[in-house]
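Enquirer: Below is the structure I would like to discuss, written out as C-alpha cells.
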Amino acid sequence: MKTAPLSRRDRLRQMLADLRMPGALEALDAILRDVDGGALTAADAIEQLLTAQIQLRNNRRLQAAMRSSRLPAGKQLHDFDFTFQPSLRREQIDRLVHHCHLVTIRGNSYRMRQHTELWQTLHAAHDDAPAARRRLPRQDVATS
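Next up, the structure:
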C-alpha cells in the first residue's frame, strides 16, 4: 500500500522541524497564507521565516540569561534601593544603562605597561648585577 505524497506545506513543515527551526515553523502557516493571497513574494516569505526564527532564538537567549542572572522577577532599575549600597551612585548607573558607548582601546593597558616597565627594569638590574658587584670596594675580612 502506497501512502499519499506529502503536500508542499507538509514537506516545508517537516524540513523546518528537521532543521530545528521552531520559530519559522510556528510562523509558516501565516506566511504561506500571505504568499497564497499574493501579499508576499518568495523572497519576502523567506525573510519573514528567518526573522521569526531569529526573534524566537533571541527571546530564548534573553530568557535564559535572565534565569541564570537570578535577578528578582519584575524588578527594575527605578525600584533599586541605592541607599542600601552607598558606593553605587544612581547617576553613574543611569549613565551606564542609558548612555553607554563601546570604546576600543588599542595598545597595552596601563597595568600592562607598568608590568612591562617593571620587568625591563628588573631584567636590566639583573644583567648589570655582576658589573655592579665588581665596582663595589672590596672589603677583606680579617680572620683571627
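With UniProt numbering as the guide, the letters of the sequence shown map in order to residues 1 to 144. All residues carry an ideal CB built from backbone N, CA and C; glycine is no exception.
1. Just mark G74 as buried or exposed, buried being the case when its beta carbon has 16 or more other beta carbons within 10 Å.
2. For G38, which of helix, strand or coil comes out of DSSP?
3. Report the three-state DSSP secondary structure of H123 (helix, strand or coil).
4. Please confirm whether F84 and I93 have their CB atoms less than 9 Å apart.
5. Measure how close the beta-carbons of L77 and V103 come, nearest whole angstrom, since I'm counting them as under 8 Å.
6. Check for me: the alpha helix (DSSP H) holding D79 runs from which residue to which?
Expert: In terms of the structure at hand:
1. Your numbering for residue 74 matches position 74 in the sequence shown. Classification for G74: exposed.
2. The residue you call residue 38 lines up with position 38 of the sequence shown. Of the three classes helix, strand and coil, the one that applies to G38 here is coil, per DSSP.
3. Taking the sequence shown and counting its residues from 1, the one referred to as residue 123 is at position 123. It is helical.
4. In the sequence shown, residue 84 corresponds to position 84, counting from 1. In the sequence shown, residue 93 corresponds to position 93, counting from 1. Result no, Cβ atoms of F84 and I93 do not sit closer than 9 Å.
5. The residue you call residue 77 lines up with position 77 of the sequence shown. The residue you call residue 103 lines up with position 103 of the sequence shown. So it is not a contact: roughly 23 Å between Cβ atoms.
6. Against the sequence shown, residue 79 aligns to sequence position 79. That residue, D79, is in no alpha helix (DSSP H); it is neither H nor E in DSSP.
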